[in-house]
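Note that my numbering has the sequence shown beginning at 69, numbered continuously upward.
Built from N, CA and C at the ideal position, the CB exists for glycine as well.
Since the structure is predicted, the reported quantities are computational estimates derived from the model, not experimental observations.
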Amino acid sequence: MQSIRLEINPQENTWEQIKITEELIDSYSLEKWSQNFSLMTAGYRDQLDPDDATNPNVAINFVTFAILGEAKARVFKKKSDGKNKLHVHVGGETRPHTQDFISILARIYAAHGFKVHLRAQITTTPIWYSSFGVFYEEFQSGDNITASHSQYFKGGWKPLDSLGKQLVEEEKEIIKEVQHIVAGKATIQLAPLSSENILNDFNIDEAYINYQKTVIDKKSIDEIIIANKRGFRCAICTVGGSMKLTSERLFKLFDIPVGESNIVQYFFDDEDSQYHKIGQINGENYGVDPTKQEIYRNIGAQEKLLNNEADIIFIWDPDGDRFNMVTTASSKNHERYIQLGLEVEPIHNSNKCIVYFTPNQIFFMLTAFQIASLKKSNLFDAYDWFIASSVTTSRALDELAELEKIPMVHVRVGFKHWGTFAQWLEKRKDVNEPYVTALGEKVKLGKNPRLIIMCEESGGAIFGGTNLLINKSLSKKMIAMLEKDGFQFGLLSLSMAAFLYNSDQSFADYYCDLILKHNIKYKYFDRYDKRLYDERLSGPMLQNAKIKGEAKRDKVMKFFHDLAAKYSTSLSLDEICKEINCKLNKNCKSLPKLHHICLIGKGTLLEGTFLQFKTFWFVIRASGTDAVLRYYINGQDKEGISAYQESLMSLQI
């Protein structure tokens, strides 16, 4: 049978319909696609064709997006009870076809009677802006079209619930509805794009700024203004994503000068669906994750810093949920920096060296900085402060929490799990009820809890303040936002950078001083993502490679899962360690005595295995969005964790 293509104009101003016919199902392999469809850690992500949004040989196209919109519309229409009015926000970043996908979703929602709220004045929307706005405006749900830091040939869809959190409760219903639409050969109606139900009115700048002023105090903003007058400059790389236009407006509302000759400047800031080819190196596409060396070492940060165009470089990913930074320090101390775990690039014939930070290191500095600020303001003892992180984040934060005598909460990877915890915290009836973490720890949060930071080692975080986050009608409160907020992360980092600049101190020295002052042991961290197929393939070749990769992934995950399961029933820790060492590759370092092993999560929410040794911990987990194995290790000895990481990644399983 000859392949057919869907002919539809997303920008059409008349009613249209998409009929899911047998021919369309065959051409777009919809039966197989619908059976395999799932919402993972970061929503839905898969391959798209940057040149053709109707291509049936990739998973993300006009047809599949229309089915997603129809499925979500049906689920949320059923949830409406009259009081819960049908309001939905749709936004997205800059990758190929995003505006067309937004239009398709908007038209489908409008056809179902939803009031659809699109961005006012700006066409792109960072994920945290969508999240905050959906909660604040009290919409029933939201969508953000993003694949975050992935390569430009990946597409994505992140559906949000009424709290602005990636939806969890409706996940199974949407998957079921997707399958029902295909199996039932449904007809999908699209209202005109000019429909009165589609509004360009989504603007929560003022509300967002008012909330952030309860997290970032006036003194911190004043520090930035003082540094600007002294000549301090911060250059921000937005990799062609959605952050430039939104952040520029918000900086100005904080009275922080933006533009040439001012404290905040931008580069690679023009919106570009291929992200200015950043991350495309020697025929390989690494995506635009600002925490990857292929990105932060290849955006020209070194030249800007050494030519005194900037004192610090910030990097945001396309949808603004990940953040990283690069700066300089005195070359005479570069051995000290390396010894304490910093990545340093020496510069020939210069008194400066380039220092690259990891998100873990930035989290640690900002948390210590925030705690010091709270103590100065006599606010630290006024609330029950706590720290939260994903199970794969450096335990340096745990050490800091223990020193400050505040609770530490470990959640599963993926910010939707932070949202689930935050909901539990809001709904608990007994303040003495402990929260059971992803590692099985029981943690009490106190009577008047406040969040300092929730973070993931991959580069995302949110910070809480003395005030709870409250919606427009004052009817609902939350401990903090439920999506990673790169602007807030960047603003706090800018305030700390300004403080250090005004104090004539480098970030590198500040970090090292903190590590030594607090006697932090878990200084060294490594993560390796092992891809198990070539994602540049397409069609049947891609599907076959992916199936083989997923089989390998599942085999490795099962090996570690079974070891943890056996520990609770039959095997001792010594026997488990022996089983792992039996799988070692030749010349690899044997693992030392195992102190603990457990599964991460429970029941259907299992996602990996945690192993604790005397001087390091290790986590293996499968990617939530791909046939990828992720290996994490964090410990006290740099050479040791490198050797053990190699041993565990090379196991003959």
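Per DSSP, Tyr-579 has no beta bridge partner at all. Shown here for Cys-580: same chain residues with a beta carbon closer than 7 angstroms to its own, the five before and five after excluded, namely Arg-404, Tyr-405 and Leu-408 in chain order. Annotation: Arg-142 is outside any beta strand (DSSP E); the continuous alpha helix (DSSP H) that includes it extends over 130–147. For the pair of segments examined, the region 545–554 was found to touch the region 481–494: the number of CB pairs separated by less than 8 angstroms reaches three.
In this structure, Ile-363 sits near Val-356, with a CB-CB distance shorter than 8 angstroms. DSSP, reduced to helix, strand and coil, places Arg-689 within a strand of the structure shown.
With 16 or more other CB atoms across the displayed protein chains lying within 10 angstroms of its CB, Ile-176 is buried. Taking a 10 Å sphere around the C-beta of Trp-453, we find 16 or more other C-beta atoms and assign the residue as buried. DSSP places Leu-186 in the strand class (E or B) of the three-state scheme. Comparing alpha carbon positions, the residue from Asp-379, Ser-441 and Arg-463 closest to Phe-686 is Arg-463.
Here Met-625 carries a helix assignment [DSSP, helix/strand/coil]. A distance below 6 angstroms between beta-carbons, with the five flanking residues on each side excluded, links Phe-425 to the following residues of its chain, in chain order: Met-393. For Trp-225, the number of other beta carbons within 10 angstroms of its own is at least 16, and it is reported as buried. In the structure shown, Cys-650 falls within a coil segment according to DSSP collapsed to helix, strand and coil. Closest option to Asp-229, judged by alpha-carbon separation, among Tyr-204, His-248 and Lys-286: Tyr-204. The alpha-carbon separation between Thr-460 and Ile-439 amounts to approximately 22 angstroms. Distance from the CA of Gly-201 to the CA of Gly-232, rounded to the nearest whole angstrom, comes to 7 angstroms.
Here DSSP, grouped into helix, strand and coil, assigns His-180 to coil. Asn-81 counts as exposed, since fewer than 16 other beta carbons sit within 10 angstroms of its beta carbon. Relative to the Cα of Leu-568, the nearest Cα in the group His-416, Lys-589, Ser-315 and Ser-288 belongs to Ser-288. In the DSSP annotation of this structure, the continuous segment of the alpha helix (DSSP H) that includes Gly-558 starts and ends at 554–570. Contact check for His-663 and Lys-682: beta-carbon distance about 6 angstroms, within the 8 angstroms limit, so the pair qualifies. For the 8 angstroms CB-CB criterion, Gly-527 and Arg-390 form a contact. Shortest Cα-Cα distance from Leu-610 to any of Gly-676, Ala-695, Asp-269 and Ala-565 involves Ala-695. Pairing Ser-102 with Met-108, the inter-Cα distance amounts to about 15 angstroms.
Annotation: the continuous alpha helix (DSSP H) that includes Glu-274 extends over 273–280. Here the alpha carbon of Ala-215 sits roughly 14 angstroms from the alpha carbon of Trp-384. By the Cβ neighbour-count rule, Thr-677 is buried, with 16 or more other Cβ atoms within 10 Å of its own.
With respect to Ile-190, Leu-313 sits close: the two C-beta atoms are nearer than 8 angstroms. DSSP, reduced to helix, strand and coil, places Phe-448 outside both helices and strands of the structure shown, so it counts as coil.
For Ser-198, the enclosing alpha helix (DSSP H) starts and ends at 195–205.
Tyr-699 and Lys-598 do touch by the CB rule: their CB atoms are close to 7 angstroms apart, below 8 angstroms. Contact check for Ala-490 and Met-546: beta-carbon distance about 6 angstroms, within the 8 angstroms limit, so the pair qualifies.
The beta carbon of Ile-272 sits closer than 8 angstroms to the beta carbons of Tyr-197, Phe-200, Gly-201, Tyr-204 and Glu-205 from its chain, once the five residues preceding and following it are set aside; these are given in chain order.
Rounded to whole angstroms, Cys-656 and Ser-715 show a C-alpha spacing of 5 angstroms. In this structure, DSSP gives Trp-83 a state outside helix and strand, which the three-state scheme calls coil.
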